[in-house]
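Novice: Sequence order for the protein chains is A and B.
Heads up: the first sequence is residues 1 to 665, going by our numbering.
Heads up: the second sequence is residues 1 to 531, going by our numbering.
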Amino acid sequence: MFLGVDTGGTFTDFVCFDADGMRFHKVLSTPDDPSLAIEQGIEELGLDASMLHVVHGSTVATNAILQRKGVHTLFVTHQGLEDLLTIGRQTRPELYQLCPDAIAPVVGRQDCIGISGRINASGDEQSVLDAGDLKRVIERVAAGGYEAVAVCLLFSFLNPAHERAIAKALHDTYSDDLFVSLSHQVLAEYREYERSATTFLNAYVGPLVQRYLQRLELSLGAKHLYVMHSAGGVMQAELAGQQAVRLVLSGPAGGLVAAQAIGAQLSEKHILTFDMGGTSTDVALIQGRASKTTEGEIAGMPVSLPMLDIHTIGAGGGSVAWLDEAGLPQVGPESAGARPGPVCYGLGGEKPTVTDANLLLGRMPANACLAGSMSLDMEAARSAFSQYGETLGLSAEAAARAVIDIAEEHMAGALRVVSVQRGYDPADFSLLCFGGAGGLHACALAEKLSMSKVIIPVASGAFSALGMLLGKQQSEFSRSRRFALQDNDTAAEMQQLFMQMQDEAVAQMQGLALTFERHVDMRYIGQGFHLTMACPDDDLEQLKQRFEQAHMQAYGHQLNRDVEIMTVRLSAFVERPLPVLPELCTSTEVAHPVAHSEIYGVGRVPHFMRADLKPGLSYEGPMLVLEDIATLWLARGWQMQVSTHGHLLLEKIDANQLVLEAVDV
Amino acid sequence: MSNDAVSISLFAHRLSALCEEMGAVLKRSAISPNIRDREDFSCALFDRSGQLIAQAAHIPVHLGSMAFAMADVVGAFDWQPGDVVVFNDPALGGTHLPDITVVSPVFLDTVVGTELFAFSATRAHHADIGGKSPGSMGVETSLEDEGLIISPCYWFEAGHEQAALAVRFRERVRAPEERLGDLSAQKAACMVGARRLAELPVAGLDEKITALMAVSEAYGRNAIDAIPDGRFTFEDALEDDGCGSGPLPIRVEITIAGDTATVDFSGSAAVTPGPVNCPMAVTAASVLYVFRCLMPAHTPQTSAVFHPINIVVPEGCLLHATDGAAVAAGNVETSQRIVDVVLGALAQAIPERIPAAAQGTMNNVIFGGDRSGSDQSGDDQHDGEPWLYYETLAGGMGAHAGGNGLSAVQCHMTNTKNSSIEVLEMHYPLQIREYAVRSGSGGDGLFVGGDGMVREWVVSADCSVSLLTERRTSMPYGLQGGDAGASGRNCLCREGVWQELAAKGSWQLQAGDVIRIETPGGGGFGIAEEK
Chain A
1 MFLGVDTGGT FTDFVCFDAD GMRFHKVLST PDDPSLAIEQ GIEELGLDAS MLHVVHGSTV
61 ATNAILQRKG VHTLFVTHQG LEDLLTIGRQ TRPELYQLCP DAIAPVVGRQ DCIGISGRIN
121 ASGDEQSVLD AGDLKRVIER VAAGGYEAVA VCLLFSFLNP AHERAIAKAL HDTYSDDLFV
181 SLSHQVLAEY REYERSATTF LNAYVGPLVQ RYLQRLELSL GAKHLYVMHS AGGVMQAELA
241 GQQAVRLVLS GPAGGLVAAQ AIGAQLSEKH ILTFDMGGTS TDVALIQGRA SKTTEGEIAG
301 MPVSLPMLDI HTIGAGGGSV AWLDEAGLPQ VGPESAGARP GPVCYGLGGE KPTVTDANLL
361 LGRMPANACL AGSMSLDMEA ARSAFSQYGE TLGLSAEAAA RAVIDIAEEH MAGALRVVSV
421 QRGYDPADFS LLCFGGAGGL HACALAEKLS MSKVIIPVAS GAFSALGMLL GKQQSEFSRS
481 RRFALQDNDT AAEMQQLFMQ MQDEAVAQMQ GLALTFERHV DMRYIGQGFH LTMACPDDDL
541 EQLKQRFEQA HMQAYGHQLN RDVEIMTVRL SAFVERPLPV LPELCTSTEV AHPVAHSEIY
601 GVGRVPHFMR ADLKPGLSYE GPMLVLEDIA TLWLARGWQM QVSTHGHLLL EKIDANQLVL
661 EAVDV
Chain B
1 MSNDAVSISL FAHRLSALCE EMGAVLKRSA ISPNIRDRED FSCALFDRSG QLIAQAAHIP
61 VHLGSMAFAM ADVVGAFDWQ PGDVVVFNDP ALGGTHLPDI TVVSPVFLDT VVGTELFAFS
121 ATRAHHADIG GKSPGSMGVE TSLEDEGLII SPCYWFEAGH EQAALAVRFR ERVRAPEERL
181 GDLSAQKAAC MVGARRLAEL PVAGLDEKIT ALMAVSEAYG RNAIDAIPDG RFTFEDALED
241 DGCGSGPLPI RVEITIAGDT ATVDFSGSAA VTPGPVNCPM AVTAASVLYV FRCLMPAHTP
301 QTSAVFHPIN IVVPEGCLLH ATDGAAVAAG NVETSQRIVD VVLGALAQAI PERIPAAAQG
361 TMNNVIFGGD RSGSDQSGDD QHDGEPWLYY ETLAGGMGAH AGGNGLSAVQ CHMTNTKNSS
421 IEVLEMHYPL QIREYAVRSG SGGDGLFVGG DGMVREWVVS ADCSVSLLTE RRTSMPYGLQ
481 GGDAGASGRN CLCREGVWQE LAAKGSWQLQ AGDVIRIETP GGGGFGIAEE K
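(1) Rounded to whole angstroms, what is the Cα-Cα separation between residue 340 of chain A and residue 347 of chain A?
(2) Does the Cβ-Cβ distance between residue 110 of chain B and residue 87 of chain B come in under 8 Å?
(3) Quick one: what's got a C-beta closer than 7 Å to residue 182 of chain B's C-beta in the same chain, skipping five residues either side?
(4) With DSSP as the reference, please indicate the residues paired to residue 638 of chain A in a beta bridge.
(5) Give every residue of the same chain whose Cβ lies closer than 8 Å to the Cβ of residue 143 of chain B, excluding the five residues on either side of it in the sequence, and list them in chain order.
(6) Indicate the three-state DSSP secondary structure (helix, strand or coil) for residue 352 of chain B in the structure shown.
(7) At 7 Å on the CB atoms, spell out the chain A contacts of residue 115 of chain B, in chain order.
(8) Exposed or buried, what is residue 27 of chain B when buried is set at 16 or more other beta-carbons lying within 10 Å of its beta-carbon?
(9) Could you compute how far the alpha carbon of residue 379 of chain B sits from the alpha carbon of residue 517 of chain B?
(10) Quick one: does residue 377 of chain A have its CB under 8 Å from some CB of chain B?
(11) Report the three-state DSSP secondary structure of residue 379 of chain B (helix, strand or coil).
(12) Assuming residue 196 of chain B and residue 128 of chain B form a contact by the criterion Cβ under 8 Å, report the distance between their Cβ atoms to the nearest whole angstrom.
(13) Only counting the same chain, and skipping five residues up and downstream in sequence, which positions put a Cβ closer than 8 Å to that of residue 530 of chain A?
(14) Taking the straight line between their C-alpha atoms, what separation do you get for residue 65 of chain B and residue 440 of chain A?
(15) Pull up the distance between the alpha-carbon of residue 2 of chain A and that of residue 55 of chain A, whole angstroms please.
(16) As a quick exercise: from A:463, A:428, A:321 and A:426, pick the residue whose alpha carbon is nearest that of residue 396 of chain A.
(17) Across the stretch 424–434 of chain B and the stretch 79–88 of chain A, are there enough close Cβ pairs to call them in contact, namely three or more that are closer than 8 Å?
(18) Tell me, to the nearest whole angstrom, how far the beta carbon of residue 342 of chain B is from that of residue 287 of chain B; I am working on the premise that it is less than 8 Å.
(19) Grab the span of the alpha helix (DSSP H) containing residue 10 of chain A for me, first residue to last.
(20) Are the C-beta of residue 224 of chain B and some C-beta of chain A separated by less than 8 Å?
(21) Quick one: what's got a C-beta closer than 8 Å to residue 164 of chain B's C-beta in the same chain, skipping five residues either side?
(22) Buried or exposed: which applies to residue 300 of chain B, given that a residue is buried once 16 or more other Cβ atoms fall within 10 Å of its Cβ?
(23) For a contact defined as C-beta to C-beta under 7 Å, what are the partners of residue 332 of chain B on chain A?
(24) Which residue comes first and which comes last in the alpha helix (DSSP H) that contains residue 184 of chain A?
(25) For the beta strand (DSSP E) holding residue 435 of chain B, just list the boundary residues, first then last.
(26) Let me see if you follow: with CB-CB separation under 8 Å, is residue 666 of chain A close to chain B or not?
(27) Can you list, in chain order, the residues of its chain whose CB lies under 8 Å from that of residue 109 of chain A, leaving out five sequence neighbours each side?
(28) So, does the CB of residue 510 of chain A fall closer than 8 Å to a CB anywhere in chain B?
(29) Taking the straight line between their C-alpha atoms, what separation do you get for residue 375 of chain A and residue 357 of chain A?
(30) So residue 347 of chain B packs on residue 479 of chain B, CB below 8 Å; how close in whole Å?
(31) My guess is that residue 601 of chain A and residue 401 of chain A are in contact by the Cβ rule of under 8 Å, so how many angstroms apart are they, rounded?
(32) List the whole-angstrom C-beta distance separating residue 250 of chain B from residue 47 of chain B, where the pair is believed to meet the contact cut-off of C-beta under 8 Å.
(33) Can you name the residues of chain A whose CB is closer than 8 Å to the CB of residue 482 of chain B?
(34) With distances taken from CA atoms, which of A:292, A:89, A:471 and A:390 is nearest residue 575 of chain A?
(35) Identify the continuous beta strand (DSSP E) that holds residue 329 of chain B and give its terminal residues.
(36) Comparing C-alpha positions only, which one of B:447, B:359 and B:531 sits nearest to residue 486 of chain B?
See below:
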C-alpha cells in the first residue's frame, strides 16, 4: 500500500488508499525531528509500516538552506575565481536603496580554495591539475574540519577529468566520511555561477538529508521509502541524499503533481494552480503537464536543476494592509505570519490583514477552525478596519473590501506572470485552487483573468500529500554541448549523448523497466535564453519548425537566424499503476444550509458543508461552502457541481444565459 | 477621494506589472548578451502627451532619461496605428548613441472612434552603433564619430516597414543583423505593452491617469519635505575627458524650500572635447535617481514624482551637452559623478540617510576584433565576422550610518548583471584568469566602504580594447570622518611586463596580452577609531 506524507511548517499531512477508499490524516509537525510526526501519523492511521511504500515530501533540505544550517562545506574552484559565489551576478538586490544591509554570503572566502588546472571552452586541458593542488585541497579539508566539499571547475560538463581527479584524491584519503559533490554530476550544464551555487547547495545539505532519510528508514521500517523531488517525480531515498538539492521543492511539487493528475481525470488540460497560504501564494501553469524551469532560486542563490515552475509571491491571508505616504492603500509584503497573526486570531496582532478583511465581510465564519480549534474575534477585526478606513474616508467594511481587491490584484499579477508572460491566455485555462485560503478568492481571480472555470479538488487541504501518491519514479539527466542544428554530425552526436545518459539512468535505477523522454534546450544562434523542446526522434528539420512555432507562441515573433542546441536532457521514469480516486454516490437530495450570514455588499447567504454536497445537483452562488480548514466563496454569477470524484466544479454563468432565464421567469 | 485611492492603487499595480511583462518579452527574445543577460534595458508607458506613467525598474539611468525623452518625440509625428518609431539622438531625448529607443503608439477604440491614447517604449543598450571604435564607446571628440545618429524616424509607418532604417544599420553598424534582431525584440516588447494597455477597460482611463499623476507627485513632495530647508553645496570632479582636459569640476548647489528642491549645477566645467559630456536627459536622470532613493520603495514610477524638483544647468555646461558634443561616457561615467555630488550636498542636510561615495564609475570595458584563424573559441562558422564584447564592472558601495558598504556590486546608475565566464569563453577569444573581490579597497571608518573587484582577461587573438573608466587617480570620498575608497587601476601585461593604462582610451592587443582592471572601493563612514 502507498502512503503519501507531506511535512509542512504546521501540519504533517497523510493520504492513503485502501479497501475503505481514500483516507486523510493530519498531525502537528515536529520541526526538530520531522520523523516523529510521521511515526505518530502512521500509528494513528493504524497502518502496518512494514507493508507500506511511503512517499515523502520533505522540508529538511529547504529549511537547512533558508536557515543557513547546512554542514561546514568547502568550495573548490580555480585559483583567481574563489569569490565566484560571493560575487554572484554582481548586482545589488534593491535598485533604489542607498544604505542596504550587508548580508554575509552563504559561503565565506575562508571556505573557498582554488586549484591551478584548467580546461578550456573546447574541453581540452589547458593547464594540468598537479599533485600540489590535490595535496592542498586534502590538507585544507582536514585543517578546516569540513564535512562536505563542493567542486566546480570551468567546462567540467565538457571534460570532467579534473573534477574526477579531485574526487578520487579526496576519496582515497577520507573514503565515505566526506560528502563530495562534483558540478558535472550535479548539473552538467554551462554557466559556472549557477552550476557552482547548485553544487554548493547540494553539498551543504547533502549530509543532513542523507542522515535524516537513513534515520527515517530505520525508525519507520517501511517496505520502501521514496522522496518527491522538485521536478515532481519520486526517487529512492538512498539516491536523495546524493542529490539533496533536488528536494528544495519536495513538498510544493506534490501539489502540482496532484493538480496535473486531477486535470487529466477531468480532461482539463489547461490549468492554472493557485495555492494561497498565510504568508505567501504559489501559482503555476499546467499545459497537459506542469511547466518546468531551470531558473529556480532559493535564499538568493540559483538552483538550476529542472524543477516545477512554481511562482511564489509574498501575499497571503496574513498580508498586512497599510496606508503609504501618499495615502494610497497597500497590502503586503509585510505579513503577520502565524504569530502574532491576523488581528482576529487574538494573539496580539494589531495590523489588519486579508484574513481579517474576509472575516469582517462575512466570507469566513467566525467559528471557523483555523490551525486547530481557534475561534475568531470579529470585533477586533472590525475595530482594526474602522481605524484603517477612517483615514481613507471609508467604512470598516468598505476598507476591508478595498484590501481584498488589492490583494486579489497582487494574486492576479502572479497568475499573469506564469501565463501571459509566458505567452498563454488565462481565458483558455481553468483555475485549480487548493490550500487553506484560496477558495475565498477563486471566483474573483477567475473573473479578473477572464477565466470561466474553477476547480476546487477533493483533498484540497492535504493536496501535496495526495500528489506524493501520484508521482512517477523519475530521474532527470542533462549535458550542455553546443550543436548547430544544420550541421551534419548533430543528429549522431546528440544520439551519443542521449545514449550516455540512458546508460547512467539504467545504472541508477537498476532492475526497473524505464521509459525515456528526450528534450533539448534550443535557441536562435546567439540568444541567451532557450526553449526546452521535446525531441522524440532525430528529425531535426521538424524540431526546428516546432521550435519556431514555440518561439512565436512565447515571444510573439520569429527571427531569421539559424538555430542551435545548447543542452540535451533525458527524463527516465518508471511507469506504475497509479491509485484511482474513489467515486462518490450521486444524490438528488438537496443539501441543507447549516447556517446563514450577512455578507457585505451581497446580502444574506447560506452556508453549506462540503461533505453534504453530492454529485448530481447544481448549486448557484452566492453561497459559502465550508470544510475543516478551508472555505469556498461561490460568488453571485457562478454555479457549481460536484464531480463523481468529489471535486467542486465552478462555472461562470454565461451572461446571455442569465438574460434568457430571466425571460423564462 | 477615498475610493479613488483604491482604484489608483490598483491601476498603478496593473501598469507596473504590464511594464514587467514587456521586460520579460524583451529579455527573452533579445540576441545580444548585453540585453538578454545583463538586462541593460528599460520598458515604459507614457500618456498621450509623453508623460511617463509607468516603468519597470531595470536601470536607473534610464528612468529619469525616459521621463525626459518622450515629450518632444510625441509632438513630432502624426501617429497612426501600426507606427513604430526609433531614435537615439542625445539632443532629442536620447542618452548616448548605443541606447536605442523604440516607441509605438497605443490606440483605443472609444465611442468616438479610434483614439491615440498612450505610448509604449523600450530603451536598450546595443553592443554597437557604428562609429570609430568597436562598441561605439571609444574616446572620440564628436557625436558624429561616436556612431550612427538616429533622429526620431519611422521604422514602421502604419504597419509598413520603412527600409531606410535597416539600410543605415547595414551600412554603418558592426554586426547589423544582431542589432536588427535586438530591435525586433524591442518592438515585440512594445507590441505586448500596447496590446495589454488596449485590453484595460476604456471607461475612465484618462481620469485614472490624471489621478495617478496627481497622487504620485505627493511621493516626491513628501520626500523633499522630510529634508531640512537650506542651501547645500558640494564639488567633486571628473578626472579627465580622455582627450587631455581635466580635472573637470562638477559643482552643485541644492536649495531645499519646503517640499520643493532646486538643483543648480552652475559653476561646473564647460563642454569638453572628450566623450564625458551629458545630454540634459542624463543629468536629469542622475539627479532624479538620488531623489527617487529617498522615496519609499513602492513609489509609482511616473514623471510626476519629479515635478517638485527643478534642475538648473547653464547652456554650454558639460552637463547640458549641445548638438554634436561627444557623449558616449556621459551616460555611464559622468552620471555617477553627478550622483556623487548630489549625495555629497544632501549629506550635509540628512547625514544619517546618505552613504559615502560608491565607486563612482561603471568601468566600461569593450573588446572587439575580427574572427580569424587565431580565434580559440572554435567558432569557425563565423570566420572573419566582427565580434564585440562589452561589460561594466562592479565595485564598492559607500558605507553609511547603518553599516558597511556592499562589496563587488553595481552601484547607483547601473545594475547590469555580469556575463558568465563560460559563455564569454565559448563565444569570444577571451579567457578570465582572475575574478575576485579586491580586499582592502573599501575606505576605512566606523563602517567600512565596500570592496571593489578585480577582473583579468587573457586575449587569445589580436583585438582591441576600449576603456572608459573614472576614479583612477581620485578616490571615492568618505563621510563623517571615514577614509576614501581606493582608486581603481587599469593594467596591461605584454610578454610578462606590466604597464598601467590610462583611465580612458583604446589599445590594440596581441594574442597573449592580459588586461587587468581593479575597480574602486567605496568610501568609509565615521571615524575608524570609534569602532
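The beta-carbon is built from N, C-alpha and C at its ideal position, and this holds for glycine as well.
Specialist: According to the data block:
(1) Within the first sequence, numbered from 1, the residue matching residue 340 of chain A stands at position 340. Within the first sequence, numbered from 1, the residue matching residue 347 of chain A stands at position 347. Spanning the two alpha carbons is a distance of roughly 5 Å.
(2) Walking along the second sequence from the start, residue 110 of chain B turns up at place 110. Walking along the second sequence from the start, residue 87 of chain B turns up at place 87. Going by C-beta atoms, residue 110 of chain B is not nearer than 8 Å to residue 87 of chain B.
(3) For the purposes of this step, residue 182 of chain B is identified with residue 182 of the second sequence, where counting begins at 1. Correct list, in chain order: 30, 31, 32, 35, 124 and 126.
(4) Counting from 1 along the first sequence, the entry for residue 638 of chain A is found at position 638. Answer is A:652, bridged to residue 638 of chain A.
(5) Counting from one through the second sequence, the residue named residue 143 of chain B turns up at place 143. Taken in chain order, the residues that qualify are 90, 97, 149, 323, 324, 325, 326 and 327.
(6) In the second sequence, counting from the first residue as 1, residue 352 of chain B sits at position 352. Here residue 352 of chain B sits in helix by DSSP.
(7) By one-based count along the second sequence, residue 115 of chain B stands at place 115. Under the 7 Å cutoff, chain A gives no residues; its nearest Cβ is about 24 Å from residue 115 of chain B.
(8) Start at 1 with the first residue of the second sequence, and residue 27 of chain B comes out as number 27. It counts as buried.
(9) Residue mapping note: residue 379 of chain B aligns to position 379 of the second sequence, counting from 1. Residue mapping note: residue 517 of chain B aligns to position 517 of the second sequence, counting from 1. Note that residue 379 of chain B scores a pLDDT of 43, beneath 50, so its modelled location is shaky and nothing firm can be said.
(10) The count along the first sequence starts at 1 and reaches residue 377 of chain A at position 377. No, no contact with chain B.
(11) The residue labelled residue 379 of chain B in the question sits at position 379 within the second sequence. Low confidence applies to residue 379 of chain B: its pLDDT is 43, below 50, so where it sits in the model is not reliable enough to give any reading.
(12) On the second sequence, residue 196 of chain B is found 196 positions in, with the first residue counted as 1. On the second sequence, residue 128 of chain B is found 128 positions in, with the first residue counted as 1. The pair is not a contact, with the Cβ atoms about 31 Å apart (cut-off 8 Å).
(13) Taking the first sequence and counting its residues from 1, the one referred to as residue 530 of chain A is at position 530. Excluding sequence neighbours, residue 530 of chain A sits near 521, 522, 523, 566 and 567.
(14) Your numbering for residue 65 of chain B matches position 65 in the second sequence. Your numbering for residue 440 of chain A matches position 440 in the first sequence. Their backbone Cα atoms lie some 43 Å apart in a straight line.
(15) Here the question's residue 2 of chain A lines up with position 2 in the first sequence. Here the question's residue 55 of chain A lines up with position 55 in the first sequence. Their backbone Cα atoms lie some 7 Å apart in a straight line.
(16) Working through the first sequence from its first residue, we reach residue 396 of chain A at position 396. It is A:321 whose Cα lies nearest to the Cα of residue 396 of chain A.
(17) yes
(18) Your numbering for residue 342 of chain B matches position 342 in the second sequence. Your numbering for residue 287 of chain B matches position 287 in the second sequence. Right, their Cβ atoms sit about 6 Å apart.
(19) Translated into positions along the first sequence, residue 10 of chain A becomes position 10. Bounds of any alpha helix (DSSP H) do not take in residue 10 of chain A, whose DSSP letter is neither H nor E.
(20) One-based indexing of the second sequence puts residue 224 of chain B at position 224. Judged by the 8 Å Cβ criterion, residue 224 of chain B is not in contact with chain A.
(21) Position 164 of the second sequence holds residue 164 of chain B. Excluding residues within five positions, the ones whose Cβ falls inside 8 Å are 153.
(22) Translated into the one-based positions of the second sequence, residue 300 of chain B becomes position 300. Per the 10 Å Cβ criterion, buried.
(23) Locating residue 332 of chain B in the second sequence gives position 332, where the first residue counts as 1. Under the 7 Å cutoff, chain A gives no residues; its nearest Cβ is about 15 Å from residue 332 of chain B.
(24) Within the first sequence, residue 184 of chain A is the residue found at index 184, counting from 1. 183–186 is the extent of the alpha helix (DSSP H) around residue 184 of chain A.
(25) Sequence index remark: in the second sequence, residue 435 of chain B carries index 435 (1-based). Per DSSP, residue 435 of chain B belongs to the beta strand (DSSP E) from 430–438.
(26) In this structure chain A extends from 1 to 665, so residue 666 of chain A is not present and cannot be described.
(27) The residue labelled residue 109 of chain A in the question sits at position 109 within the first sequence. So the qualifying residues of the chain are 82, 83 and 86.
(28) For this step, residue 510 of chain A is matched to residue 510 along the first sequence. Output row for residue 510 of chain A: interface = no.
(29) Position 375 of the first sequence, counted from the start, is the residue given in the question as residue 375 of chain A. Position 357 of the first sequence, counted from the start, is the residue given in the question as residue 357 of chain A. So the alpha carbons of these two residues sit roughly 16 Å apart.
(30) On the second sequence, position 347 is the one that residue 347 of chain B refers to. On the second sequence, position 479 is the one that residue 479 of chain B refers to. The pair is a contact, with the Cβ atoms about 6 Å apart (cut-off 8 Å).
(31) Numbered from 1 along the first sequence, position 601 holds the residue referred to as residue 601 of chain A. Numbered from 1 along the first sequence, position 401 holds the residue referred to as residue 401 of chain A. Right, their Cβ atoms sit about 7 Å apart.
(32) Here the question's residue 250 of chain B lines up with position 250 in the second sequence. Here the question's residue 47 of chain B lines up with position 47 in the second sequence. Incorrect: roughly 33 Å between the Cβ atoms, too far for contact.
(33) Translated into the one-based positions of the second sequence, residue 482 of chain B becomes position 482. Correct list: empty, because the minimum Cβ distance to chain A is about 14 Å.
(34) Mapped onto the first sequence, residue 575 of chain A falls at position 575. Measuring from the Cα of residue 575 of chain A, the nearest candidate turns out to be A:471.
(35) Position 329 of the second sequence, counting from 1, holds the residue named residue 329 of chain B. Segment: none, residue 329 of chain B is in no beta strand (DSSP E) and carries neither H nor E.
(36) By one-based count along the second sequence, residue 486 of chain B stands at place 486. When only C-alpha atoms are compared, the closest one is B:359.
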